[in-house]
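Peer 1: Provided herewith is a single structure, encoded as structure tokens, for subsequent inquiry.
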Amino acid sequence: MKNKRKKGSLLITLGLLLISAALGLTAWNLYDEHRAEQSVSQVVEQLDQILPPAPDPDFQTIEVPDYVLNPDMEMPVETIDGQDYIGVLSIPALELELPIISEWSYSRLKTAPCRYTGSVYKNDMIIAAHNYASHFGNLKYLQEGDEVTFTDMDGNVFRYEVALQETLQPTAITEIQQGDWDLTLFTCTIGGAYRVTVRCQRTDDPFTVWEGNGSEGKG
Numbered sequence: 002m003k004n005k006r007k008k009g010s011l012l013i014t015l016g017l018l019l020i021s022a023a024l025g026l027t028a029w030n031l032y033d034e035h036r037a038e039q040s041v042s043q044v045v046e047q048l049d050q051i052l053p054p055a056p057d058p059d060f061q062t063i064e065v066p067d068y069v070l071n072p073d074m075e076m077p078v079e080t081i082d083g084q085d086y087i088g089v090l091s092i093p094a095l096e097l098e099l100p101i102i103s104e105w106s107y108s109r110l111k112t113a114p115c116r117y118t119g120s121v122y123k124n125d126m127i128i129a130a131h132n133y134a135s136h137f138g139n140l141k142y143l144q145e146g147d148e149v150t151f152t153d154m155d156g157n158v159f160r161y162e163v164a165l166q167e168t169l170q171p172t173a174i175t176e177i178q179q180g181d182w183d184l185t186l187f188t189c190t191i192g193g194a195y196r197v198t199v200r201c202q203r204t205d206d207p208f209t210v211w212e213g214n215g216s217e218g219k220g
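Structure follows, in structure tokens:
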């Protein structure tokens with residue numbers, strides 16, 4: 002009888018410890034997500050003060066931006082708190098405005114979404130982010146036709162719309178980089194079982210825009 006009581010007490014104690022651990026993990030995840038949300042908000046505020054105003058599409062003497070003449074150029078960066086940022090990603094359907102770090106790493110992803118590969122100038126950029134609600138946690142709710150914009154550090158605005166959503170295996174590195182997509186956004190599902198991947202197509206043609214403005218800078 003004593004052994005049964007002792008065993009029962011141990012099981013109760015173990016159960017309480019497991020519940021405490023689960024509550025502690027939940028509390029930590031909530032804290033980490035709140036920290037990430039505060040981080041991106043502060044960076045966006047600082048970048049908004051740095052970014053030049055977007056060009057006026059009705060102004061007839063706009064200078065052709067360097068990236069149109071040289072799409073292989075490096076994307077300019079602004080350094081804030083030791084991180085290099087290449088611009089701001091906006092997803093109105095999710096009410097998101099996110100700074101994008103120039104190069105990705107697991108530690109940088111805790112601060113903000115990161116460029117995984119590519120460049121907006123070459124229409125092949127891939128952006129990775131954690132599944133925090135304030136980052137890419139709601140990416141799965143995007144629908145075909147939803148608008149996405151990216152503003153680089155020179156103030157150039159690139160416009161896209163969602164064309165396709167895919168669910169890929171976490172090891173599908175090659176598949177993420179396949180396809181003729183102008184912009185790709187991806188994040189892991191909770192637990193890392195899959196990767197939610199959103200493909201976007203550009204809706205503005207820079208050469209058409211500058212020709213339409215009558216610019217003399219285009220060769």
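When we follow the numbering used here, the leftmost residue of the sequence shown carries the number 2, and every step to the right adds one. Ideal Cβ placement from N, Cα and C applies to all residues, glycine included.
Compute the Euclidean distance between the alpha carbons of Y86 and A194, then round it to the nearest angstrom.
Peer 2: CA-CA distance, Y86 to A194, rounds to 29 Å.
Peer 1: From L26 to V65, what does the alpha carbon distance come to, in whole angstroms?
Peer 2: Annotation note: pLDDT 47 at L26 (below 50); position unreliable, coordinate value reported separately. Roughly 52 Å separates the two Cα atoms.
Peer 1: Unbroken alpha helix (DSSP H) runs of length 4 or more, entirely within the segment 84 to 148: which are they?
Peer 2: 107 to 110
Peer 1: Are the beta-carbon atoms of R200 and C189 separated by less than 8 Å?
Peer 2: Contact flag unset, no.
Peer 1: Which complete beta strand (DSSP E) runs does the segment 170 to 212 hold, if anything under 3 residues is left out?
Peer 2: 184 to 189 and 196 to 203
Peer 1: Mapping DSSP to helix, strand and coil, what is E79?
Peer 2: strand
Peer 1: Among A94, V121 and P114, whose alpha-carbon lies nearest the alpha-carbon of Y142?
Peer 2: Ranking A94, V121 and P114 by Cα distance to Y142 puts A94 first.
Peer 1: Of the choices S135, Q202, N132 and N124, whose alpha-carbon is the least far from that of D73?
Peer 2: N124
Peer 1: For the alpha helix (DSSP H) holding D155, just list the boundary residues, first then last.
Peer 2: Counting along the chain, D155 falls outside any alpha helix (DSSP H), and DSSP gives it neither H nor E.
Peer 1: Which residue or residues does DSSP assign as beta-bridge partners of Q166?
Peer 2: V199
Peer 1: Roughly how far, in whole angstroms, is the beta-carbon of F187 from the beta-carbon of T172, given that I think they are within contact range, below 8 Å?
Peer 2: With a Cβ gap of about 13 Å, F187 and T172 do not count as contacting.
Peer 1: Of all the CB atoms in chain D, is at least one closer than 8 Å to the CB of D73?
Peer 2: Of the chains in the structure shown, none is chain D; there is only one protein chain.
Peer 1: How many Å lie between E98 and I92 at the Cα?
Peer 2: 6 Å
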